[in-house]
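So in the UniProt record's numbering, spot 17 of the sequence shown is number 17, and the numbers just go up one at a time. Beta carbons: idealized from backbone N, C-alpha and C, even for Gly. A quick note: this is a predicted structure, and the numbers were derived from the prediction, not measured. Report on one structure; see the data block that follows.
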Amino acid sequence: MKDRYLSVDQVAELLGTTARFPRRLIAERRITFVKVGRHVRIPESAVDAFVAAHTVEPITGRTSHLKAVA
């Protein structure tokens, strides 16, 4: 499967953020990116991997240790 390369604005829209957030990820080398001349593109698979790596699963089956107040 061929990977789509997204612009910073497209990644920001996909994540529901401003363009500043993906630019910071690029500057801090926290996401894979490709430089095409002066343009920066982020593979869609890198965005998916970033989201998956930072997804927090809910805690289930945990009982409360607090006493019930009647």
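Cβ separation of residue i and residue j, assumed to be a contact under 8 Å, to the nearest whole Å
i, j, result
"E44", "L15", "Not confirmed; about 12 Å, so no contact."
DSSP state of residue i mapped onto helix, strand, coil
i, result
"I31", "coil"
"P22", "helix"
"V56", "coil"
Residue i and residue j closer than 8 Å at C-beta
i, j, result
"A19", "A27", "no"
"F50", "R41", "no"
Among the options, nearest to residue i - alpha-carbon criterion
i, options, result
"D48", "F21, I31, I59 and P58", "I31"
"R24", "V56, E57 and D9", "D9"
"K2", "T55, A52, A46 and P58", "A46"
N- and C-terminal bounds of the alpha helix (DSSP H) containing residue i
i, result
"D9", "V8 to L15"
Range of the contiguous beta strand (DSSP E) that encloses residue i
i, result
"R41", "H39 to P43"
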